[in-house]
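There are 2 protein chains.
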Amino acid sequence: MNLRELSKTLGLSQTTVSRALNGYPEVSEATRKRVEAAALRHDYRPNTRAKSLATGRTMTIAHVIPMSTKHEMVNPVFADFIAGAGETYQKAGYDMLLSVVSDPEEANAYRGLAARNTVDGMIVHAPRAEDPRLALLRKLDVPFVVHGRFPGVDEGDGYSWLDTNNRRGFERATSFLIDLGHRRIALINGLPELDFAIRREDGYRRALDAAGLPFDPALVRGDEMTEFYGHDAAAEMLDAPDPPTAFLTSSMIVAMGVRRAIQDRGLALGRDVSVITHDDDLSYFRTSTPEPTFTALHSSVRDHGRKCAQMLIDLIADRTRAPMRELLEADFLVGRSTGPAPAADWRITATQRD
Amino acid sequence: MNLRELSKTLGLSQTTVSRALNGYPEVSEATRKRVEAAALRHDYRPNTRAKSLATGRTMTIAHVIPMSTKHEMVNPVFADFIAGAGETYQKAGYDMLLSVVSDPEEANAYRGLAARNTVDGMIVHAPRAEDPRLALLRKLDVPFVVHGRFPGVDEGDGYSWLDTNNRRGFERATSFLIDLGHRRIALINGLPELDFAIRREDGYRRALDAAGLPFDPALVRGDEMTEFYGHDAAAEMLDAPDPPTAFLTSSMIVAMGVRRAIQDRGLALGRDVSVITHDDDLSYFRTSTPEPTFTALHSSVRDHGRKCAQMLIDLIADRTRAPMRELLEADFLVGRSTGPAPAADWRITATQRD
DNA sequence: ATGTTCTGTCAAAGCGCTTTGGACGATACG
DNA sequence: CGTATCGTCCAAAGCGCTTTGACAGAACAT
Chain U
1 MNLRELSKTL
11 GLSQTTVSRA
21 LNGYPEVSEA
31 TRKRVEAAAL
41 RHDYRPNTRA
51 KSLATGRTMT
61 IAHVIPMSTK
71 HEMVNPVFAD
81 FIAGAGETYQ
91 KAGYDMLLSV
101 VSDPEEANAY
111 RGLAARNTVD
121 GMIVHAPRAE
131 DPRLALLRKL
141 DVPFVVHGRF
151 PGVDEGDGYS
161 WLDTNNRRGF
171 ERATSFLIDL
181 GHRRIALING
191 LPELDFAIRR
201 EDGYRRALDA
211 AGLPFDPALV
221 RGDEMTEFYG
231 HDAAAEMLDA
241 PDPPTAFLTS
251 SMIVAMGVRR
261 AIQDRGLALG
271 RDVSVITHDD
281 DLSYFRTSTP
291 EPTFTALHSS
301 VRDHGRKCAQ
311 MLIDLIADRT
321 RAPMRELLEA
331 DFLVGRSTGP
341 APAADWRITA
351 TQRD
Chain V
1001 MNLRELSKTL
1011 GLSQTTVSRA
1021 LNGYPEVSEA
1031 TRKRVEAAAL
1041 RHDYRPNTRA
1051 KSLATGRTMT
1061 IAHVIPMSTK
1071 HEMVNPVFAD
1081 FIAGAGETYQ
1091 KAGYDMLLSV
1101 VSDPEEANAY
1111 RGLAARNTVD
1121 GMIVHAPRAE
1131 DPRLALLRKL
1141 DVPFVVHGRF
1151 PGVDEGDGYS
1161 WLDTNNRRGF
1171 ERATSFLIDL
1181 GHRRIALING
1191 LPELDFAIRR
1201 EDGYRRALDA
1211 AGLPFDPALV
1221 RGDEMTEFYG
1231 HDAAAEMLDA
1241 PDPPTAFLTS
1251 SMIVAMGVRR
1261 AIQDRGLALG
1271 RDVSVITHDD
1281 DLSYFRTSTP
1291 EPTFTALHSS
1301 VRDHGRKCAQ
1311 MLIDLIADRT
1321 RAPMRELLEA
1331 DFLVGRSTGP
1341 APAADWRITA
1351 TQRD
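Protein chains in written order, with my numbering: chain U, 1 to 354; chain V, 1001 to 1354.
Structure follows, in structure tokens:
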């Protein structure tokens, strides 16, 4: 059922039917009702392609998801981010196009989406150091919103972004541990080229500096955030001569690995070793207990998805508007994984036990 | 840059340029080279919408991801499945449209995609008991491939699907545990209405039946597969009077929760309590060690994505072809989480220790 | 009665592509 | 030499929609 058939059925012109359905005022209320009833009866919905060819708007937004060829990993936070964005799109009548693309095709993917007029806008994921995408996207002249920020150019205008205050969050978490008496604090971070990892390390370092504590590279790791990575990194550090008494981790799943390494060694989480994690509030890691297991910096990535989507929709509606920026503070929730630094001799006991 | 401009630049008709770029034989090799060079130089790519309006093919495939309103959870396996499907689409020149949709809008989402001619085909996720989608999709007359099967109608033809042999896998895993001497075997399953969960329980029951062991409902749980769920379910069972000596879990993340519950109680995984898990081989749960931590049924969901996508592409290419079906056997890999059932008195020791 | 402004409708153009049905030389064949 | 065939190319129609510009007819003012 297309517009022509529908209008023929009604004995009206395509013009009138189109106008009636799109809410234009030039059509009488009586005919509008008649048209709407007929449209509903025949389950008529305008052909997306024809409509967008005629209007020049595609009502589609692309998410280009980078998939590193090195690691072949799809970051699990995307699932939740996309769920959030999807909610917003649905309400606004947008479709979501997903491009999972590996490094070498990346630039081409963005160019293709723009040149083929496939989408009205894009969401950019996982900005990283030396990221060529900012320059590319500016050249392409397509509205876009970045989830995160491009390192180095954050305060410069010219693009819209939404980000958690990673620096402040990790500075705060580190200070919290320092206040509890911890002096050897490890950071189990994400891939070092990613912007959020850079900022988190920055916050961590600032807190150490402020407390006059030395930065020890042996206590910092950066990699793809899996449970095994968390476990192995923590195990290695805990088995080293001067082990940390506290860990900061960049994701819940890494924290689980750290916890396992701690417990494997007969140590108690929150008593012998403290852990603070960043928590993206992923739906499948959500705890049911009222008191959180982990002391954590909470920042719902699903909510980020919703907000980024809305920003982009607003940007598309008025392409001339100034870039939008939103810096969200993570909630710091104290759970059961942190406690005062143990007395200096606990390590000996632990080592003997091991 | 569009076709008309490009053809004007070249002093050729749109017809010729279009044919040259689409590899039709009615154009001389010399002009084809000339056209291709010009297209490259101007970074010309045909407008997706115009092309699909003219051809009637959208070169887009939809994935409708159900999001239960009860749980608001996005299953983490989707990320990997979609990464796999995305690879295939990219190679074949397809775009991927994602609809994250909650129960009440579900039917409308499918109808809309079909009626608006937005996509050439759909991938159907998470088939469940009493699923209204099969009837709906048949009526819509859109090619589709189901990841999994609709319970009850699996052997009937009429639709294409790709599935792991969940029944056989869990039957095998259960038998393996029985052979090791386990008599009290728990099943920590996914949401009970989901087809894979139904089949897994079926396999589990068959193995118990075959061994003459009773089915104990107290040893079976079904819910959203989170780490906490796995932990809590296992903790409860282990603390009950007649605890299981082995667990079957439906996902790696549930297995991690089970492991935590086991270790919390001072029990050793693989010695005091055995665990076998289904493992979707998600990229962020992949272990680096050569010997797997968990004895597991492996079945790469990313590979499922690749294969489902290819099936659908083939189906779209020839809509008259017979429905395709593919039943994949999971690899059974023995890791360190299983061992002989402990002597009957171990429980007393464990309980005292607790 | 005449001109003016609305109201409600329509025919037709256009969005950027593919594809049908020729046209026009050049070549091959009888 | 006339005719059939082939290789290249083109003009124009059409995909299903929106939107421009025009046009009757009713309503209003003069």
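All residues carry an ideal CB built from backbone N, CA and C; glycine is no exception.
Query: Closer than 9 Å, Cβ to Cβ, to anything on chain V: give me those residues from the segment 208-235 of chain U, in chain order.; Result: E224, M225, T226, E227, F228, Y229 and D232
Query: Where do the N-terminal and C-terminal ends of the beta strand (DSSP E) with F1332 of chain V fall, by residue?; Result: D1331 to L1333
Query: With contact counted as at least three CB pairs below 8 Å, one residue from each stretch, are the segment 236-256 of chain U and the segment 268-283 of chain U in contact?; Result: yes
Query: So Q1014 of chain V contacts chain U; which residues on that side make the cut at Cβ distance below 9 Å?; Result: Under the 9 Å cutoff, chain U gives no residues; its nearest Cβ is about 16 Å from Q1014 of chain V.
Query: To the nearest angstrom, report how far apart T15 of chain U and T55 of chain U are at their CA atoms.; Result: 14 Å
Query: Any heavy atom of the ligand ZN closer than 7 Å to the CB of L1021 of chain V?; Result: Here there are no bound small molecules, and the ligand ZN is not part of this structure.
Query: Could you spell out where the alpha helix (DSSP H) holding L1187 of chain V opens and where it closes?; Result: Per DSSP, L1187 of chain V belongs to no alpha helix (DSSP H); it is in the beta strand (DSSP E), I1185 to N1189.
Query: Could you say which of U:D202, U:K307, U:R321 and U:H298 lies nearest to V334 of chain U if we only look at CA atoms?; Result: U:H298
Query: Is DSSP giving I348 of chain U helix, strand or coil here?; Result: Low confidence applies to I348 of chain U: its pLDDT is 47, below 50, so where it sits in the model is not reliable enough to give any reading.
Query: Taking the alpha carbon of N117 of chain U as the reference point, which residue from U:F150, U:D95 and U:T58 has its own alpha carbon closest?; Result: U:T58
Query: Determine the closest residue to L1187 of chain V out of V:S1251, V:W1161, V:G1152 and V:L1140, with distance taken between C-alpha atoms.; Result: V:S1251
Query: What does the Cβ neighbour count give for A1083 of chain V, buried or exposed, with the cut at 16 atoms within 10 Å?; Result: buried
Query: Using alpha carbons as the reference points, say which of U:N47, U:D43, U:L10 and U:M96 lies closest to Q310 of chain U.; Result: U:M96
Query: So, for R1205 of chain V: in the same chain, excluding its five sequence neighbours on each side, which residues have a beta-carbon less than 7 Å away from its beta-carbon?; Result: F1215
Query: Nearest CA to the CA of G93 of chain U: which residue from U:D179, U:D120 and U:E329?; Result: U:D120
Query: Does the segment 160-167 of chain U come within contact of the segment 192-204 of chain U, defined as at least 3 CB pairs closer than 8 Å?; Result: yes
Query: Helix, strand or coil: which one does DSSP assign to P1066 of chain V?; Result: strand
Query: Hey, does A350 of chain U have any beta-carbon neighbour from chain V nearer than 8 Å?; Result: In this prediction, A350 of chain U has a pLDDT of 45, which is less than 50 and means its spatial position is unreliable; what the coordinates show is noted afterwards. Not closer than 8 Å to any Cβ of chain V, the Cβ of A350 of chain U fails to qualify, so no.
Query: Would you list, in chain order, the members of the segment 85-99 of chain U that have their beta-carbon closer than 9 Å to a beta-carbon of chain V?; Result: A85, G86, E87, Y89, Q90, D95, M96, L97, L98 and S99
Query: List in chain order: all unbroken beta strand (DSSP E) runs of 3+ residues lying wholly within the segment 112-199 of chain U.; Result: 121-124, 144-147, 160-164 and 185-189
Query: Got a sec: is the Cβ-Cβ distance from G112 of chain U to anything in chain V below 8 Å?; Result: yes
Query: Which word fits G158 of chain U, buried or exposed, when buried means at least 16 other C-beta atoms lie within 10 angstroms of its C-beta?; Result: exposed
Query: What are the boundary residues of the alpha helix (DSSP H) that H1304 of chain V is part of?; Result: V1301 to A1317
Query: Helix, strand or coil: how does DSSP classify G1093 of chain V here?; Result: coil
Query: So which residues of chain V does A115 of chain U contact, with C-beta pairs closer than 7 Å?; Result: D1043 and R1045
Query: So, at 6 Å on beta carbons, what are the nonlocal neighbours of L140 of chain U in its own chain, with the 5 sequence-adjacent residues on each side left out?; Result: A114
Query: When DSSP labels each residue in this structure, what does T1249 of chain V get in the three-state scheme?; Result: strand
Query: Kindly say whether T1118 of chain V, judged by its beta-carbon, lies nearer than 8 Å to any beta-carbon of chain U.; Result: yes
Query: Curious, which full-length alpha helix (DSSP H) runs of at least 4 residues does the segment 1224-1294 of chain V contain?; Result: 1227-1239 and 1252-1264
Query: Kindly indicate which residue of U:E5, U:L194, U:G181 and U:E29 has the alpha-carbon position closest to the one of L213 of chain U.; Result: U:G181
Query: Quick check: the Cα distance between R1004 of chain V and T1289 of chain V, rounded to an integer number of angstroms?; Result: 58 Å
Query: Judging by CA-CA distance, which residue of U:D131, U:I185, U:F81 and U:A268 is the nearest neighbour of D281 of chain U?; Result: U:F81
Query: Examine the Cβ distances between the segment 253-264 of chain U and the segment 223-239 of chain U and report whether three or more of them are shorter than 8 Å.; Result: yes
Query: On the criterion of 16 or more Cβ atoms from any shown chain inside 10 Å, does P143 of chain U qualify as buried, or is it exposed?; Result: buried
Query: Can you find a CB in chain U that lies within less than 8 Å of the CB of I1082 of chain V?; Result: yes
Query: I need the boundaries of the beta strand (DSSP E) containing E326 of chain U, first residue and last residue.; Result: R325 to L328
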